[in-house]
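Novice: Supplied in structure tokens, the structure appears directly below.
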Ligand code: NDP
């Protein structure tokens, strides 16, 4: 049976690549973003299987309503992808609280609200997958990335606990840790770190490291999307690009 995906941040980068990969596989995608017009082309190409949903993941009330609405109209959510993201590169002491809060809202509190909203439904069905888009920065940090990494460490810690809590009811939690990819998040080579020497690789029951580029040589989000799909279907999948 084809899957129903709810993908946040579907309007660009990894979210869009995952959306395109799911559509190519015949699945149904509800692509959530603030700029839904960026998804007009995909909706026009797949009118029965692609829906653009305007959602700001930092609006917790809107998140609850969105999940109820999607389940009511599509009958289920098989895969939730918490992918929406933003970045901030700056020295620790120059990172203002407002920026820290904005990052935590998008990378931690928004995903937490989405997980809380979908879990009762997935528990009832005793199946489902939750993909948490973290980063190599969720396992190690680099100068200039204290705020960004802080949010991804938090997301990973919460997600590991979540994986333990729901594995016995058939719900899979996959933490994805991409290296540097040339999406709009790090365009212009702002990701000037080289986390991708191949030294760092970790694959486990809940974790998929997706090696990208080094900030100048871009990783391909479409290839990453294919590997994430493969990881969802496998217990232990060595992921390298
Ligand atoms: P993009 O900037 O291309 O995409 C970010 C997406 O998030 C956009 O679709 C944007 O859509 C959406 N978004 C941002 N804020 C919100 C919000 N408040 N509510 C809903 N949607 C929002 O970046 P990437 O594809 O690179 O990033 C996707 C994920 O991958 C992020 O979590 C990022 O941390 C992670 N990642 C990226 C890496 C890279 O090298 N690019 C490396 C490691 C991890 P809109 O503006 O329309 O709302």
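In full-length UniProt numbering, the protein residues as written are 1 to 241.
In this text, a Cβ means the ideal position worked out from N, Cα and C, and glycines have one as well.
What does the Cβ neighbour count give for residue 83, buried or exposed, with the cut at 16 atoms within 10 Å?
Specialist: Buried: at least 16 other Cβ atoms inside 10 Å.
Novice: Per DSSP, what kind of secondary structure is residue 57 in: helix, strand or coil?
Specialist: Coil.
Novice: Quick check for students: name the residue ranges of the alpha helix (DSSP H) that lie wholly in the segment 19 to 97, counting only runs of 4 or more.
Specialist: DSSP runs (the alpha helix (DSSP H)) wholly in the segment 19 to 97: 40 to 45 and 60 to 74.
Novice: Should residue 165 go down as buried or exposed, given a rule of 16 or more other Cβ atoms within 10 Å for buried?
Specialist: Residue 165 should be labelled exposed.
Novice: Going by the CB atoms, is the gap between residue 31 and residue 65 shorter than 7 angstroms?
Specialist: No, Cβ-Cβ distance for residue 65 and residue 31 is not below 7 angstroms.
Novice: Considering just the uninterrupted stretch of the alpha helix (DSSP H) at residue 226, what are its terminal residues?
Specialist: Note, residue 226: alpha helix (DSSP H), 221 to 233.
Novice: What separation, rounded to the nearest whole angstrom, lies between the Cα atoms of residue 95 and residue 142?
Specialist: Rounded to the nearest angstrom, the two C-alpha atoms are 15 angstroms apart.
Novice: Looking at C-alpha atoms only, which residue of 125, 47 and 107 is the closest neighbour of residue 75?
Specialist: Comparing Cα-Cα distances from residue 75 to each of 125, 47 and 107, the minimum goes to 125.
Novice: Per DSSP, residue 133 is paired with what?
Specialist: Answer is 176, bridged to residue 133.
Novice: What three-state label does DSSP hand residue 202 in the structure shown?
Specialist: Note on residue 202: pLDDT 43, under 50, position unreliable in the model; the coordinate value appears next. If DSSP states are grouped into helix, strand and coil, residue 202 belongs with coil.
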